[in-house]
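Student: My questions will all concern the structure given below.
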Amino acid sequence: MRDHFEQTLSWFTEALFGDGTSHLRPAPEWTDDLWFLDQDNRTVRAGEGWWPLAPGQVAGRVVGGNLCTLNLLQGTEYMPSLDEALLMIEDDAASDADTFCRDLTSLLQQPGAAGVQGVVIGRFQEASRVSRPLLEQIIARQDRLAGLPVLGNVDFGHTNPLATFPIGGRASLTVGATSSLRLSDA
């Protein structure tokens, strides 16, 4: 990626070579394009910040990835434990609100899901048509998430820039008037 890669590289470098702790902040701008097809014709959008969907403060073990992929792992030896997890999930443009809701519900029915500490949701691609009001409705209907902090529109998934998370590492999440996400490798 020739342009608009600086923030992704910064987060990646910090995750691999930093002192072990990083404090993420919302990116000021983002893109949702197939950058590799036409690097001269890209649309940069102003960031609107993260979406505090349910307040709270927690710490947990980073577990996550693409929601559809996690659902494919259900029932296999490769499904990660959700117990004590700070769940970081995202989905691609093929997912819409109904699919995301159904897949999230399925994930939250897995063994250990009662031990999920909180949820961080990556930014949706525009083609998914998942808006903040739709995501708020989805989260409000998830009984397993009652009382847990949930943060949406975070810089990871299928848009750029992309934050790097230490899967299996530790993270703390605060969701409220001022939301924060702090990652560590221990």
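The working numbering numbers the first residue of the sequence shown as 32 and each following residue consecutively. We put the beta carbon where it would ideally sit given N, CA and C, even for glycine.
1) Do you know offhand how far alanine 116's Cα is from leucine 179's?
2) Using 8 Å for Cβ pairs, my map puts leucine 182 next to leucine 214. What's the rounded Cβ distance?
3) How far does the alpha helix (DSSP H) with glutamate 231 in it reach, from first residue to last?
4) Would you mind reading off the limits of the beta strand (DSSP E) that contains phenylalanine 187?
5) For glutamate 60, list the residues DSSP reports as bridge partners.
6) Check serine 211 in the structure and name its three-state DSSP category.
7) Can you confirm whether the segment 136-144 touches the segment 93-107 when touching is taken to mean that 3 or more C-beta pairs between the two stretches lie within less than 8 Å?
8) Which one of Leu176, Val161, Ile152 has the shortest CA to CA distance from proline 57?
9) Report the three-state DSSP secondary structure of threonine 195 (helix, strand or coil).
10) Short check: CB of arginine 76 to CB of tryptophan 66, under 8 Å?
11) How would you write the range of the alpha helix (DSSP H) that leucine 176 sits in, first residue to last?
12) Short of 6 Å in beta carbon distance, which residues of its chain neighbour glycine 80, apart from the five on each side in sequence? Order them along the chain.
13) Just confirm the distance between the C-beta atoms of alanine 128 and leucine 165, as a whole number of angstroms; I'd bet it's less than 8 Å.
Tutor: Taking the geometry as given:
1) Rounded to whole angstroms, alanine 116 to leucine 179 spans 12 Å at the Cα level.
2) Actually they are not in contact, since the Cβ atoms of leucine 182 and leucine 214 sit about 13 Å apart, beyond 8 Å.
3) Because the chain spans 32 through 217 in this model, residue 231 falls outside it and cannot be assessed.
4) Membership of phenylalanine 187 in the beta strand (DSSP E) is indicated by the continuous run 181-188.
5) Paired residue(s): Ala77.
6) The three-state reading of DSSP puts serine 211 in strand, counting E and B together.
7) Output reads yes: the segment 136-144 touches the segment 93-107.
8) The residue with the shortest Cα to Cα distance from proline 57 is Ile152.
9) In the three-state reduction of the DSSP assignment, threonine 195 falls in the coil class.
10) In this structure, tryptophan 66 does not lie closer than 8 Å to arginine 76 by Cβ.
11) Run containing leucine 176: none; DSSP gives neither H nor E here.
12) Cβ within range, chain order: Pro57.
13) 4 Å between Cβ atoms; contact.
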